[in-house]
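Under my numbering, the first residue of the sequence shown carries the number 7, and numbering increases by one thereafter.
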Amino acid sequence: MELLESLKEIADSFILQYGYIALFILSFTESIIQPVPPYPFITAAPIFNLSPWMAANVAFVGNLLGAVVSFKLAQILGDKFVKKLFRKKLYLKGQALMNRYGFFAVIIGEPYKLMCWLAGAFKMSFWKFMIASIIARFIRIYLFALLGESIGRIFFS
7 MELLESLKEI
17 ADSFILQYGY
27 IALFILSFTE
37 SIIQPVPPYP
47 FITAAPIFNL
57 SPWMAANVAF
67 VGNLLGAVVS
77 FKLAQILGDK
87 FVKKLFRKKL
97 YLKGQALMNR
107 YGFFAVIIGE
117 PYKLMCWLAG
127 AFKMSFWKFM
137 IASIIARFIR
147 IYLFALLGES
157 IGRIFFS
């Protein structure tokens with residue numbers, strides 16, 4: 007937990023310094039491997055002097071591009087690599103979710119990066135994966151933008 011808190015502090019500083027570019031990098035890498043999601047930064051966009059809607063757009067594109075990378079890497083490296091990457095217990099939980107729900111596992115499953123890797127490892131159709139990802143990321147990211155806009159209106163207007 008202490009490591010995650012340290013990573014969040016680094017991300018805070020990164021976004022304060024580099025704004026949307028930092029949010030893009032954070033969102034991109036979150037879909038591949040790193041554990042800090044973009045949601046708190048979208049919600050807190052007004053605190054960082056960013057627009058919640060622009061932050062959402064940047065995070066949405068970054069998340070989807072990162073998802074393509076993890077999906078394709080999983081296809082290339084295979085399910086044995088993915089099992090090592092996420093450890094057996096998490097891999098098996100994700101596998102059960104993916105086998106039972108498939109398309110909907112990508113929409114509802116978290117952590118998202120696990121769903122991206124599993125979808126690639128288990129050979130889900132790329133376009134099916136992308137449609138599910140667009141739905142999942144759109145709902146989550148833009149709900150946080152709506153929350154961020156509300157916070158901005160209350161505290162910064």
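Ideal Cβ placement from N, Cα and C applies to all residues, glycine included.
Own chain partners of residue i with C-beta closer than 6 Å, once the 5 adjacent residues on each side are dropped
| i | result |
| --- | --- |
| Ala138 | Phe109, Val112, Ile113 |
| Lys166 | Nothing about residue 166 can be read from this structure; the chain reaches only from 7 to 163. |
For residue i, the nearest candidate out of the options (CA to CA)
| i | options | result |
| --- | --- | --- |
| Pro41 | Asp85, Glu15, Phe150 | Glu15 |
| Glu116 | Gly100, Glu155, Gly72 | Gly100 |
| Leu165 | Ala50, Trp59, Gly72, Gln81 | Outside the modelled stretch of the chain, which goes from 7 to 163, sits residue 165, for which no answer is possible. |
| Ser156 | Ser57, Ile39, Tyr107 | Ser57 |
| Leu22 | Ala61, Leu124, Val88 | Ala61 |
| Arg93 | Trp123, Arg159, Val75, Lys78 | Trp123 |
| Arg146 | Asn55, Ile48, Phe20 | Ile48 |
Neighbourhood of residue i by C-beta, 8 Å cutoff - its chain only, sequence neighbours within 5 removed
| i | result |
| --- | --- |
| Leu70 | Ser37, Met136, Ser139, Ile140, Arg143 |
Assigned secondary structure, residue i (DSSP; H/G/I helix, E/B strand, else coil)
| i | result |
| --- | --- |
| Asn108 | The identity of residue 108 in the sequence shown is Gly, whereas the question assumes Asn. Here Gly108 sits in coil by DSSP. |
| Ile147 | helix |
| Glu116 | coil |
| Asn69 | helix |
Distance between residue j and residue i (C-alpha atoms, nearest Å)
| i | j | result |
| --- | --- | --- |
| Asn105 | Pro52 | 40 Å |
| Ala65 | Lys129 | 26 Å |
| Leu153 | Thr35 | 23 Å |
| Lys134 | Ala125 | 10 Å |
Below-8 Å beta-carbon distance, residue i vs any chain C residue
| i | result |
| --- | --- |
| Tyr97 | Protein chain content of the structure displayed is limited to a single chain, and chain C is not contained in it. |
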